Every structure is written in structure tokens, then in C-alpha cells.
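Worksheet for the structure shown next.
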Amino acid sequence: MKILIIEDEESLQRSLDTYLTAEGYTCSNAKNYDIAKQKLALYEYDCILLDLGLPGGEGLELLRFLKEKDRTDGVIIISARNSLDQKIEGLSLGADDYLIKPFHLSELNARIASVIRRRSFEGKDHFTFNEIDVDLKGKQIKVKDQIVYFTKKEFDLLLYFMTNKNKAISKAAAVEHIWGDDADMADSFDFIYTHIKNIRKKLIDAGSNDYFQSIYGVGYKFVDQ
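Residue numbers (full-length UniProt numbering): 1 to 225.
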């Protein structure tokens, strides 16, 4: 699961990144309006943590940008502004939640999980795709009641494709979604082939159909056969 932290206060940004990474999320960061807008234009996120007062622009304008693009990313506003009017405006522009600073990281984590479940999994901790059963809370996957063991990256990558089924995903998008800002350090994205090959083999060996489809010149698609 991928989180974009849009926060200019460096100490808070580091705390959020460290905590959420330890909780199993992949985090990307943006410290000002321009960087945030560039990342939002290029990538999609499971949840966006959005500060309102940003160097170079206003956080609510980023919400308007997402709304204009019909994006479905979850958004939690994190702000020191305890204004009813701003809460109403943010929620009316598509934000899922509004959290006043300072807050407990454990509360933020619970709200992120709730937003992701509601946005991507209809509020459920389990979902089933044909013979594949996914336990989101336990981070466990079964095929025909048999547990299939995946690494964290494999689990996140499979989940990313399953929640975007029938949609062509480029290698670059897959790598950035799973590795976050560290994706920029890769010389190429060819290693994504190895991860998908491993996922396919584990699923097929457990009795699953092969739902991955290679798209020449683009990447891969998880198809609903």
C-alpha cells in the first residue's frame, strides 16, 4: 500500500515516514506544492496525507486538481487549521477525513486503514477474487484454502495488480508504487519481471489460474478471465 505524505514540516514528515514504513506502507514524500502536484500528475496512491499550508501553494488546490482528474486516491487532510469552514470545504472537494495537528500516529494509522478499506475494498478486511482469498489485516493470501507465502514486496505487488484488474500497468508505475521514492535509484525496471514471474509461479503451483498478461511495450495486466 502506497502513501504520499505532503508535508513541509521536516520533523513531522520524517516521523510519519518512519512510522508508516514500519507499519508496512511504502511512503513517498513531497515538501512543497510543486513537488506534490508533479507526483500526483504522474502516480496514483492508496492514501494521500495532505497538509493545507504548503510552500508555493495551497493544499486545497491539490484537492481540486484530483477532483478535476476524477481520481480515486484516498485523502486525509492533516492540518493545524481547526476551522469548520475549511473542514467542510476540504471534505466537499473529496477528502475522506480531516485530522487536526497534533495527533497520535496510531490514530492516523487507523484512519488510513479505514480509508483504504473503504476506497479499495468496500470496507472489508477480506476480499475474494475467484479462487484467490486475500486477508488484508493478516497480510495473507490463500488459493483454494491453501496458504501461499509471499514476500512483502510480492504481496504488495499482487494486491496492486488485483485492485487494478483489467488495467494495463507499466513497469515504471508498478516499481514506483511498490518502492516509492527509492524507485528513482533503479538503473532499469526490468527486475519487476522477476517479481511477477515469482508471483505467477507461486499462484499457479497452488492451483490458481494465471491472471497476469504481458502487454508488449507497456508492462502487465491482471485480467479477470
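Glycine included, every Cβ here is placed at the ideal spot set by N, Cα and C. The structure displayed is predicted, hence computed values, not measured ones.
Check, Outcome
"Asp34 lies in the alpha helix (DSSP H); which residues open and close that run?", "33-42"
"If you draw a straight line from the alpha carbon of Tyr33 to that of Asp51, how long is it in whole angstroms?", "10 Å"
"Any contact of the segment 186-201 with the segment 129-145, i.e. 3+ C-beta pairs under 8 Å?", "no"
"For the candidate residues Ile88, Ala30, Leu99, whose alpha-carbon lies nearest to that of Ser79?", "Leu99"
"Whole beta strand (DSSP E) runs in the UniProt domain \"OmpR/PhoB-type\" (124-224) with 3 or more residues, listed along the chain?", "126-129, 132-135, 140-143, 146-148, 212-215, 219-222"
"Quick one: Cα of Lys31 to Cα of Leu4, how far?", "11 Å"
"Are the beta-carbon atoms of Asp17 and Glu44 separated by less than 8 Å?", "no"
"At the level of alpha carbons, what is the spacing between Ser83 and Phe103?", "16 Å"
"What is the residue span of the beta strand (DSSP E) that Gly59 lies within?", "Not the beta strand (DSSP E): Gly59 falls in the alpha helix (DSSP H), residues 59-68."
"Taking just the CA atoms, how far does Arg14 sit from Lys171?", "28 Å"
"I need the boundaries of the beta strand (DSSP E) containing Asn29, first residue and last residue.", "26-30"
"Per DSSP, Lys2 is paired with what?", "Thr26"
"Beta-carbon of Asp125 versus every beta-carbon of chain B: anything under 8 Å?", "The chain labelled as chain B is not found in the depicted structure, where only one protein chain is given."
"For Phe222, which option in Asn164, Lys67, Glu176, Lys201 has the closest C-alpha, if you only look at C-alpha atoms?", "Asn164"
"Expressed to the nearest angstrom, what Euclidean distance is found between the alpha-carbon atoms of Glu89 and Gly24?", "31 Å"
"For Gly74, which beta-bridge partners are listed by DSSP?", "Cys47"
"So what does DSSP say about Asp96, is it helix, strand or coil?", "coil"
"Does DSSP put Ser79 in a helix, a strand or coil?", "strand"
"Taking the continuous alpha helix (DSSP H) assigned at Glu107, which residues delimit it?", "105-120"
"Identify whether Gly53 lies in helix, strand or coil by the three-state DSSP scheme.", "strand"
"Thinking C-beta only, is Gly180 closer than 8 Å to Lys2?", "yes"
"With a CB to CB cut of under 6 Å and the five nearest residues on each side skipped, what residues in its chain are close to Ala174?", "Ile192"
"When you compare each of Lys144, Arg118, Asn109, Leu66 to Gly94 by their alpha carbons, which one comes out closest?", "Leu66"
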